[in-house]
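Asker: First, the structure itself, so that you have it in front of you.
Number of protein chains: 2
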Amino acid sequence: MGDAAGIGPEIIAKAYREQPELMQGCFVVGDVATLRRAAQIVASAGRPALPVAVIAEANHVHGVPPHCIPVVQIGTGAEPVAWGKVSAVAGALAGRCVEWAADAALNGHVCALVTAPLHKEALAAAGEPYNQFPGHTELLQARAAHFLGKPVSEVPVRMMLANDELRTVLVSIHVSLRKAIEAVTFDNVLQTIRIAHHALLPVLARAPRIAVAGLNPHAGERGLFGLEEREVIQPAIEAACAQGMQVSGPWAPDTVFMRARNRPGVVPEFDVVIAMYHDQGLIPVKYLGVEKGVNVTLGLPLVRTSPDHGTAFDIAGTGRADPSSLVEAVRMAKALAREAGHLPERRPKASEPLGGQPRKEH
Amino acid sequence: MGDAAGIGPEIIAKAYREQPELMQGCFVVGDVATLRRAAQIVASAGRPALPVAVIAEANHVHGVPPHCIPVVQIGTGAEPVAWGKVSAVAGALAGRCVEWAADAALNGHVCALVTAPLHKEALAAAGEPYNQFPGHTELLQARAAHFLGKPVSEVPVRMMLANDELRTVLVSIHVSLRKAIEAVTFDNVLQTIRIAHHALLPVLARAPRIAVAGLNPHAGERGLFGLEEREVIQPAIEAACAQGMQVSGPWAPDTVFMRARNRPGVVPEFDVVIAMYHDQGLIPVKYLGVEKGVNVTLGLPLVRTSPDHGTAFDIAGTGRADPSSLVEAVRMAKALAREAGHLPERRPKASEPLGGQPRKEH
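Printed below as a string of structure tokens:
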């Protein structure tokens, strides 16, 4: 459900209303009263609020009638928190929902997780244990490490951003640009390549063509504008190739995304671009519009996607939130779960994009 | 003409063949034999090579018949150099062409300069004085400073990249990402804002709405991911606002370009984005396709545009070079010259984009 004070419940209610077929088999891990309030906000003249049905466990989702929002209740079910305000109660509830859902996925009771936005400050205000996690990813990573009996450092994860046109996997995310440069190490770059390779191999049913971006302008222009390409990135690419992966680069950052872009009439040169830092990858993914971007956490022993936006406290409760990215996140989660063998349905063809949607040119 | 061994002469010949109206009033500063060779390469069955006419000075361009390439001959007119090879002769010739053209512009004999690509190594091989200049921009800057009787440091320039959708002005260009971070200083950011403001004011006939990108992910997320936004960028924005410019930011780099994007049905929030480093600005400009990007040098006492690509030695002489970016560069140079009062023709409306081309939605 994400943070109850944000737009999470509203975009969930909109997804159920606008995409009933897609949402079949999905349920919300959250709070019934909060979802009922969201369903009311989404309702309009002639389109009454969708009913919310409480279910006790994952399997019961199949017994819920259509056009109904199934919810597993977490917490006491007290009054919903105020919209748009940082709340320790909402932070703790959101954290507990993530834990429940992670455990359900790790134990095979659900085939994928789609996470609505958390609010960092609410999570911090919630106190132990949630205040030690900057967000979903770290929470899920800790839960997965615990489940696997490994230290967190042995469950490396990477963020992939994807839309209809482009996939990019990031070496680092929420650190300053200075620290991001320090994070461009042989180990980190090779690990990112490896995680991307293993994540996309089953999706494409072949080795993904991985492009690695340089760090510096023109990928260093033969050492004139920086040495990281020669000293770090190139050796990591060679190591990955030696391990049988199909990797090229380091490519000039300003054109590699364009070359990987999947658009009508053009066969992209690459299936995914490894970006050296947050904005290098996010600028091109978001340039064509934020509403279609989906965030996929790679490296976890479970499928997890999320919309590519935050809690938007400024518009929470107004009914103006756009569910597009959440809808795409659900679509992609289903496609990935199918590939992972959790969903028995149709198998997308190798030429289909990650999300399993038809490409425009096909 | 750019480097004679590169694609410059070929894309010039193509521009004259494909855009005769646009090229009216334009002439080449270069080498007749090289242009004749280029015209031959561009010729095809049923479309003979355009004739090349030697002119002695700028004014004679108006006496040249249509469908003819007018050339001011620089140098001895010896055999053209080999395609696709670094040549000291080509480097020196290209350097001399730039000097001739810069002086012609500074002295008011031509209203704008469009520069075809140079080759850095050829320029270096050419020896004094050309080997001290990494490229056109520095050569033009030195020539302008000399003309104005100022030190080069008092003729600060910035690169603007523009296409139909987006304009971005860069704080720094061809340095490593580490050095680019060091170049994000109060003075450099404020100077970039000022140069962008003064360059776009006459084009838009109003104060441009300038967005300043942050340096770090999420523009530092209130100091969590870096302090440059608070300590450097924000004060520079405030100083610019205090001087009457219309400036906002620092904005999250991953969404600010999207918000400035001019596309059908959407009114962009900003007229230009100040990018903190090369790839931050170039990735979004190039994402939709490299062929339409134009490079504009701001800060010089002359109008100068150039295509957004290099000499492409790998395809030089094959006839496969794409003149689109050069054509756009000529179009934009004419629009800017018109705004600067050098060309008496029509005045674009304030709502028109920089290049004076009609927007799709109008």
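So the protein sequences, as listed, match chains P and F.
323 is the number that our numbering gives to position 323 of the first sequence; each next residue is one higher, with no gaps.
Count along the second sequence from 1, add 1000, and you get the number used in our numbering.
No residue lacks a Cβ here, since even glycine has one placed at the ideal position from N, Cα and C.
#1: Taking a cut of 9 Å between CB atoms, which residues from the segment 1219 to 1235 of chain F lie near chain P?
#2: Could you tell me whether any Cβ in chain P is nearer than 8 Å to the Cβ of His1174/F?
#3: Can you grab the Cα-Cα spacing for the pair Tyr277/P / Asn1216/F, in whole Å?
#4: Using a 10 Å radius around the Cβ and a threshold of 16 neighbouring Cβ atoms, would you call Pro348/P buried or exposed?
#5: Could you name the residues of chain P that Gly1289/F contacts, counting a contact when the two beta carbons are closer than 7 Å?
#6: Given this structure, state the Cα-to-Cα distance separating Val1071/F from Thr255/P, to the nearest angstrom.
#7: Does the beta carbon of His1278/F sit closer than 8 Å to a beta carbon anywhere in chain P?
#8: Does Asp1322/F come within less than 8 Å of chain P when only Cβ atoms are used?
#9: Taking C-beta to C-beta, are Ala162/P and Val296/P nearer than 8 Å?
#10: Interface residues of chain P around Lys1286/F at Cβ under 7 Å?
#11: Pairs of beta-carbons, one from the segment 1170 to 1187 of chain F and one from the segment 1304 to 1316 of chain F, closer than 8 Å: are there three or more?
#12: With a threshold of 8 Å between beta carbons, is Ile1181/F in contact with chain P?
#13: When the Cα of His146/P is compared with those of His218/P, Leu190/P, Leu106/P, Gly77/P, which residue comes out closest?
#14: Going by the beta-carbon positions, is the gap between Val1098/F and Ala1090/F smaller than 8 Å?
#15: Quick check: what's the CA-CA separation for Val1171/F versus Arg1143/F?
#16: So what does DSSP say about Val267/P, is it helix, strand or coil?
#17: Any idea if Val267/P is buried or exposed, counting beta-carbon neighbours within 10 angstroms, 16 or more meaning buried?
#18: Compare the Cα-Cα distances from Lys1085/F to each of Leu1035/F, Glu1018/F, Leu1123/F, Ala1104/F and report the closest residue.
#19: Beta carbon of Ile55/P, beta carbon of Val61/P: below 8 Å?
#20: Please tell me whether Asn1216/F has its Cβ less than 8 Å away from any Cβ of chain P.
#21: Chain P partners of Ile1069/F, CB-CB under 8 Å?
#22: Which residues share a DSSP beta bridge with Ile210/P?
#23: List the residues of chain F whose Cβ lies closer than 7 Å to the Cβ of Leu177/P, in chain order.
#24: Candidates Gly75/P, Gly127/P, Ile274/P, Ile41/P: which alpha carbon is nearest Leu190/P's?
#25: Should Ser44/P go down as buried or exposed, given a rule of 16 or more other Cβ atoms within 10 Å for buried?
#26: Any beta carbon from chain P within less than 8 Å of Leu1282/F's own beta carbon?
#27: Would Arg1261/F count as contacting chain P if we go by Cβ distances under 8 Å?
#28: Sort out for me which residues DSSP pairs Gln73/P with in a bridge.
#29: Cα separation between Gly127/P and Ala92/P?
#30: Using the Cα positions of Pro250/P and Met160/P, report the straight-line distance between them to the nearest angstrom.
#31: Using the Cα positions of His218/P and Pro151/P, report the straight-line distance between them to the nearest angstrom.
#32: Look at the Cβ atom of Ala88/P, then the Cβ atom of Leu118/P, and state whether they are nearer than 8 Å.
#33: Helix, strand or coil for Pro284/P, going by three-state DSSP, please let me know.
#34: Taking the beta strand (DSSP E) that Pro307/P belongs to, which residues open and close that run?
#35: Hey, Trp100/P and Val29/P are a contact pair by Cβ (cut 8 Å); roughly how many whole angstroms apart?
Answerer: For this structure:
#1: Gly1220, Glu1221, Leu1224, Phe1225, Gly1226, Leu1227, Glu1228
#2: yes
#3: 10 Å
#4: A caution first: Pro348/P carries a pLDDT of 42, below 50, which makes its placement in the model too unreliable to give a value.
#5: Met258
#6: 33 Å
#7: yes
#8: no
#9: yes
#10: Asp254, Thr255, Met258
#11: no
#12: yes
#13: Leu106/P
#14: no
#15: 22 Å
#16: coil
#17: exposed
#18: Leu1123/F
#19: yes
#20: yes
#21: The contacting residues do not exist; Ile1069/F stays about 30 Å from chain P at best.
#22: Val247/P, Val272/P
#23: Ile1181, Leu1215, Asn1216, Gly1226
#24: Ile274/P
#25: exposed
#26: yes
#27: yes
#28: Gly30/P
#29: 8 Å
#30: 19 Å
#31: 38 Å
#32: no
#33: helix
#34: 304 to 307
#35: 5 Å
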